[in-house]
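Under the UniProt record's numbering, the first residue of the sequence shown is numbered 1, with each subsequent residue one higher.
One structure is given here, and the rest of the page talks about it.
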Amino acid sequence: MGNLLRTIHIPKLDEKTGAHVQQYVNSLTKPLGSLGRLEDLAIELAKMTGDPFPDVSPPGVIVFAADHGITDEGVSAYPQEVTGQMVRNFLNGGAAINVFSKSINASLYIVDIGVASDIDEEGLIKKKVRYGTANFYKENAMSPDEAVKAIEVGYEQAQKMINEGAKCLILGEMGIGNTTTSSAIAAAVSEQDIQKLVGTGTGIEKDKIQYKQQIIKSALEKRNPRADDPIDILSKIGGLEIAGMAGAMLAAASNRIPILVDGFISATAALIAKMISSQVADYMIMGHRSLEPGHDVLIQLLGKKPLLDLEMRLGEGSGAAVSFPILQSAVLMVKEMATFETAQVSNKE
1 MGNLLRTIHI
11 PKLDEKTGAH
21 VQQYVNSLTK
31 PLGSLGRLED
41 LAIELAKMTG
51 DPFPDVSPPG
61 VIVFAADHGI
71 TDEGVSAYPQ
81 EVTGQMVRNF
91 LNGGAAINVF
101 SKSINASLYI
111 VDIGVASDID
121 EEGLIKKKVR
131 YGTANFYKEN
141 AMSPDEAVKA
151 IEVGYEQAQK
161 MINEGAKCLI
171 LGEMGIGNTT
181 TSSAIAAAVS
191 EQDIQKLVGT
201 GTGIEKDKIQ
211 YKQQIIKSAL
221 EKRNPRADDP
231 IDILSKIGGL
241 EIAGMAGAML
251 AAASNRIPIL
261 VDGFISATAA
271 LIAKMISSQV
281 ADYMIMGHRS
291 LEPGHDVLIQ
301 LLGKKPLLDL
311 EMRLGEGSGA
321 AVSFPILQSA
331 VLMVKEMATF
341 ETAQVSNKE
């Protein structure tokens, strides 16, 4: 494991501040517990940040783009070159994550961590570890050193965004074939049946799902990743953008910055990050429940409860960006609501 990964320190949650905010929330002008999970969120955010009146704005969005050799096996509805085409779309402001980032006033980084082609466009952060992963049906996806390098790239990009003032981190991805990679990782770690984990991804036909399941099952038998070793998993069956997102999550938690987790691919990265340092999960909030069946398994492994269920399955960080205003509501509730005492409203006693 790289030097950076050995030195990562993630602080414990600030339970004292959490208890203080719990009391304060109970004194606000509303029946006890009547704002439901918003109250829990406010307390969680206080514990994460160590601040009774935390800020989550401005949020920062980082989209990592990389290609997957496994697409050679025909597991995706789209050809590999769509990854590069979509990166250009991000840079031109035309994708869902551009629209949603703008709506929440988020900074947006687009990082080429492993696209199979060269993209020379203004605004792209070029941190290519290699030109896409190898086809893990036939050989290991990457070397252990490349897996560590991709995590470090993610860590550095998140640190840079936090230094620029981001108060909440949303990680997104673009990579044709990455639901296949994520399903393989989820199967390796959870040891659940592959049938439970594989969905339509970019929209493959129902009859192709069985084929996709068979490819993953066979690849797992050939690669045999160790279920408890995140670097072994990434190097054998992983994705560069998944490693990058995991690194970014580790950086956020190290800085007491809340992580708003997106869908299936993002949750796969969250699982890898948790395997590297278990306390990172303390700083995660699950933005939404994806329509991808494997997401439910990962939500359980991460011990989280999604904020939204909008039947989304796009990726890019889009579901997390859409759920961000809920975090804003939670912090504004604590900052701006009156207490029974200040408003001179009679409490039920």
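Ideal Cβ placement from N, Cα and C applies to all residues, glycine included.
Can you grab the Cα-Cα spacing for the pair residue 255 / residue 26, in whole Å? 28 Å
Anyone know if the C-beta pair for residue 66 and residue 239 falls short of 9 Å? yes
Counted within 10 angstroms of its Cβ, other Cβ atoms place residue 329 as buried (16 or more) or exposed: exposed
Which residues mark the beginning and the end of the beta strand (DSSP E) in which residue 112 is found? 107-114
Helix or strand or just coil, what does DSSP make of residue 310? coil
Can at least three beta-carbon pairs, one atom from the stretch 206-214 and one from the stretch 109-116, be found at a separation below 8 Å? no
In angstroms, rounded to a whole number, what distance separates the CA positions of residue 21 and residue 307? 20 Å
Name the one or two DSSP bridge partners that residue 52 has. Note: residue 52 sits in no beta bridge, so no partner.
Whole-angstrom distance between residue 316 and residue 258, CA atom to CA atom: 18 Å
Would residue 133 pass as a contact of residue 185 if the rule is Cβ separation under 9 Å? no
Within 8 Å, do at least three Cβ pairs link the stretch 261-279 to the stretch 313-327? yes
Check each candidate in 327, 252, 294, 304 and name the one with the smallest Cα separation from residue 9. 252
Whole angstroms is fine: what's the gap from residue 237's alpha carbon to residue 116's? 17 Å
Less than 9 Å between the C-beta atoms of residue 284 and residue 42, yes or no? no
Spatial distance of residue 121 from residue 68 (CA atoms): 22 Å
Below 8 Å, how does it come out for the stretch 30-46 and the stretch 87-103: are there three or more Cβ pairs, yes or no? no
Identify which residue in 233, 82, 198 has its Cα closest to the Cα of residue 313. 198
DSSP beta-bridge partners of residue 59: 168
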